[in-house]
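Scroll down for the structure; my scribbles are underneath it.
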Amino acid sequence: MAYIGKSIESGTFKVLDTSGNTYNGSNTTFSLGTQVGSAAQLLVSHDGVIQKAGTDYTLATGGTQITFSTAPASGASIFITEISGAVGGTVTPSDNSVGITQLNVSDGSNGQALTTNGSGTLSFSTISSNTPSSADGQALGSASLEWSDLFLADGGEIKFGNDQDVSLIHNADKGLKLKSTATSDDTPAIFTLQTGDTDIGDADVIGKIEFQAPDEASGTDAILVGAAIQAVAVGDFSSSANAMELQFMTAESATASAKMRIRGDGKVGISPDGNAPDLGTGLHIRTSDTGASVSSGMDELVLENGSANCGLTILTANDGVARIAFGDDGDSAAGGTDYFHDGNYYRIYTAGSERVRIDGSGDFLVAKTSADAGSNGGEIRNNGMAVFTRSGDNPLILNRNTDDGRLVDFKGQNTTEGEISVSGSTVSYNSFAGSHWSRLADNSQPTILRGTVMESIATMCDWYRVKFDINQHDSSKDEEERTEEIALPDGKSVGDAIKYTFQGVEYDGVIEKQNNERLPMCKISDTEDSKAVYGVFMTWDNQPDDGVNDMYVTALGAFVVRIHKDETVAIGDLLSSKGNGTAKKQADDILRASTIAKVTSTEKTHEYADGSYCVPCTLHCG
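Listed below in C-alpha cells is the structure:
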C-alpha cells in the first residue's frame with residue numbers, strides 16, 4: 004500500500020546466532036556469538052515480547068554476552084537482532100566497547116601502537132625511541148624554537164658521547180652526579196667553566212660557583228649569595244701569561260667576599276676581612292693587619308693579628324700526643340717538641356733524643372726524664388729547688404769573667420744573709436755558718452728556741468725512701484727508676500713492698516734505707532760542761548710530706564748562742580753548756596772538748612721570756 008511521508012532511513016540488521024544457548028529457567032547470562040557496542044543496538048524478542056534495553060537486559064563481558072534481569076523459562080523462544088547501522092540517526096557505542104574485532108585491523112603484540120600509513124590503512128607497529136638520524140647528533144629544538152623545560156623522573160640520567168662515557172645522573176632528593184665510565188688511570192670526570200671573554204684583564208672573574216638560599220619574598224639577607232668559589236685573573240692575560248687565583252668566598256648577613264685565596268704559585272692567604280693578605284712563600288692567616296712585613300726565610304707559615312693576641316692550638320685525644328717535628332733529608336724528625344696528654348708533660352728533643360722535659364708537676368728537667376737527685380742531669384723543681392747531678396766531676400760551674408766580686412748571694416726573706424765571692428785566686432764564704440741535720444730520738448717537733456745548745460746521742464739518724472718504676476703503668480715505655488723520701492711506715496721494714504702515691508698516681512714500690520755514716524740524733528743539752536755538745540739549734544727542716552722532723556744544728560762559723568739569764572758575757576769569752584739548753588761563760592780561755600763558741604759581740608739579737616738571750620758568736624764545737 005502507498006506510504007505518505009518521509010521515507011524510512013535504512014540500516015544494517017543482523018540476526019545473531021544464539022542457537023547454542025540453553026534456557027533452563029535459572030541461567031540469566033548467554034553468549035551473543037559476537038561483540039556488540041551497546042545494549043541499544045539489540046532488538047530482543049522473548050517469547051514474542053520485545054524486551055527493553057537496560058531494563059530487561061544488559062550487556063556483559065565487553066559486549067559478547069547478554070544478561071537478562073529475569074531468567075528465561077526452560078524452552079523459551081529468544082530472538083536477537085543486532086542493529087549495526089544507523090536507524091533514524093547516529094548510534095554511539097557504549098564506553099569501553101570498541102575492540103579489535105570492530106576495527107579493520109589485525110591485533111598486534113604487547114607494547115605496539117596503532118598507526119596509519121596515510122592512505123587509510125591501520126596497523127600495529129613498534130614505536131622506537133626518539134633517535135637522531137645520524138651518529139653526529141641532532142639538535143633538540145633550535146636557536147629560535149627552544150624547549151622551555153625538561154622533566155626527568157627520580158634517578159633520571161642524561162648520557163653524553165658516542166659511547167655514552169659521561170653521564171649526568173639525578174640522585175633522588177639529593178642532587179646531581181657527574182660520572183665518567185672510563186676505567187683507565189687519569190681519566191676523571193671533568194666539569195669545566197669556560198668564559199667567552201677574549202680580553203681578560205687583572206681581577207676579571209673567569210668562572211664562579213655561587214651558593215644561595217631559597218628566594219624569600221621579604222628580601223632579607225637570606226637571599227644574598229652567602230658563599231661562592233671563583234677563579235680570578237691575576238694580571239692581564241696574554242699568549243704567555245694566564246696567572247690566576249682561586250678565591251673562597253663566605254659572608255654573614257652580607258654578600259660573600261674572598262676570605263681565602265690560593266695563588267697560581269701555591270701561596271695561600273686567609274683573612275676574615277674580605278681582603279686575603281699577600282704572602283711570602285706559604286700560608287698566611289691574618290685576623291687583622293699589623294702593618295708589619297713578613298721576614299724572608301720565615302714566611303712559610305704566618306699568623307697575624309694586629310688588634311689582639313695571636314696563637315696556634317693543637318688539639319688531640321686525651322691520650323694523644325701533640326707534635327712539631329724538624330727534619331731534613333737525613334732524618335725526618337731530627338728535632339722537635341711533643342706534648343703528651345697522657346701524663347701531661349712537655350719535651351724537647353734534638354738529634355733524635357729527648358733533651359728537655361717539663362713534667363706534669365712543673366719540674367724542669369735537662370738530660371733526665373724525672374725529678375731525681377740520684378740521676379745525672381739538671382732540675383729546676385716547681386718548689387724553686389735546683390738540682391744538678393753529674394758522675395765523676397763537678398756538677399756546677401760559676402764563672403765571673405771580669406772583676407772580682409760575688410759569685411753567689413744567699414738570701415732569706417729577700418734579704419742577703421751571705422755570699423760567696425772571689426778576689427784574685429781567693430774564694431771567700433762570707434757570713435759562713437756550718438750546719439748539719441739531726442733529729443730528736445722520738446721524731447717529735449717541739450718548740451726549741453734559736454741558739455739553744457744541743458748534745459749528740461749515740462743513735463744515728465735513719466732516713467728511708469721508696470723506690471719505684473715511674474713507667475710501670477705504661478708498657479710501651481722502658482723502666483725508669485725513681486726514689487722519694489718517706490718516713491718508715493708502721494710495721495714495715497727495709498725491703499718491704501708498699502703502695503706509694505706520687506703526683507696523684509699510685510705505684511708499687513720497695514722500701515730502702517738511705518746511707519748515713521756521720522750524723523747522730525741529738526737532744527737539748529742537759530749536762531753542764533758537756534763534751535757531747537753538738538752545736539746550737541738553728542731551725543726545723545720542714546721538708547713537706549716526708550714524715551720526718553729533721554732539724555739544722557749549727558756547729559761552725561758565725562751564728563748566735565743562747566746565754567743563760569744569769570750570765571754576763573764579754574767579747575772573746577768562751578762558752579760551754581749550762582746544762583739546761585743555755586750556755587755559760589767557760590771558766591778559762593782554753594779551747595776544750597766542751598767549748599761551744601767564742602763571743603764576738605755583746606749585742607743581744609734575741610731575748611726570750613725566760614730571760615735567756617742570744618749574742619753573736621763563732622762556733623767551734625763542729
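Under this note's numbering, the letters of the sequence shown match residues 4 to 625, in that order. Yeah, the Cβ is synthetic: ideal placement off N, Cα and C, and Gly gets one too.
Given residue i as reference, the closest of the options once Cα atoms are compared
i	options	result
Asp472	Lys495, Arg521, Met457, Ile501	Ile501
Val237	Ile574, Glu248, Ser243, Leu227	Glu248
Asp532	Val513, Asp239, Leu19, Ser579	Ser579
Ser424	Leu19, Ile317, Asp412	Asp412
Asn404	Gly427, Asp168, Ile383, Lys526	Gly427
Glu255	Ser356, Asp200, Pro275	Pro275
Phe251	Thr353, Ala43, Val228	Val228
Asp268	Arg289, Thr253, Ala244	Ala244
Thr530	Lys581, Gly159, Gly300, Arg289	Lys581
Leu368	Ala230, Pro449, Lys607, Val390	Val390
Ile172	Asp166, Ser183, Gln141	Ser183
Phe435	Gly494, Thr450, Thr392, Leu559	Leu559
Neighbourhood of residue i by C-beta distance below 7 Å, restricted to the same chain and skipping five residues each side
i	result
Ser13	Below a pLDDT of 50, predicted positions are generally treated as unreliable, and Ser13, at 49, falls in that range; no measurement from the model is reported.
Gly92	Caution is warranted here: a pLDDT of 47 is assigned to Gly92, below 50, making its placement in the model unreliable, and the coordinate value is therefore given only provisionally. Nothing meets the Cβ criterion.
Leu401	Leu410, Val411
Tyr352	Gly338, Gly339, Arg358
Gly346	Gly363
Asp544	Trp440, Asp553, Met554, Tyr555
Alpha-carbon to alpha-carbon, residue j and residue i
i	j	result
Val108	Val39	17 Å
Ala246	Phe154	40 Å
Gly584	Gly415	26 Å
Asn433	Met541	18 Å
Gly204	Ser296	28 Å
Ser373	Ile361	9 Å
Gln517	Val497	10 Å
Asp224	Asp152	30 Å
Ser604	Cys617	10 Å
Gln54	Gly111	38 Å
Ala370	Asn379	7 Å
Ser147	Leu179	29 Å
Ser22	Ser34	10 Å
Val469	Tyr503	8 Å
Glu303	Leu286	6 Å
Gly272	Tyr349	31 Å
Ile265	Ala138	43 Å
Asn474	His344	15 Å
Ala561	Gly381	31 Å
Asp576	Gly538	17 Å
Thr319	Met301	26 Å
Exposure of residue i, with buried meaning 16 or more beta-carbon neighbours within 10 Å
i	result
Ser77	exposed
Asp658	With the chain represented from 4 up to 625, any question about residue 658 goes unanswered, as that position is not in the structure.
Ala490	exposed
Gly408	exposed
Ile514	buried
Asp613	exposed
Pro75	buried
Asp564	One detail in the question is off: residue 564 reads as Val in this sequence, not Asp. It is buried - the Cβ of Val564 has at least 16 other Cβ atoms within 10 Å.
Ser615	buried
Val602	buried
Phe214	exposed
Ser72	exposed
Thr455	buried
Leu106	exposed
Leu622	buried
Lys262	buried
Thr557	buried
Ala175	exposed
Gln115	exposed
Val18	exposed
6 Å Cβ shell around residue i - same chain, five flanking residues per side excluded
i	result
Leu196	Gly210
Lys534	Ala596, Ser597
Contacting residues, own chain, Cβ-Cβ under 8 Å from residue i (five flanking each side not counted)
i	result
Asp20	Gly36
Asp239	Ile203, Gly204, Asp205
Ser335	Ala328
Per the contact definition of three or more C-beta pairs closer than 8 Å, is the region 467-485 in contact with the region 567-584?
no
If we count Cβ pairs, one from each stretch, closer than 8 Å, do we get three or more for the region 295-311 versus the region 321-336?
no
Touching by the beta-carbon criterion (3+ pairs, under 8 Å), the region 65-83 and the region 34-54:
yes
Take every Cβ of the region 496-510, pair it with every Cβ of the region 550-557, and state whether three or more of those distances are shorter than 8 Å.
no
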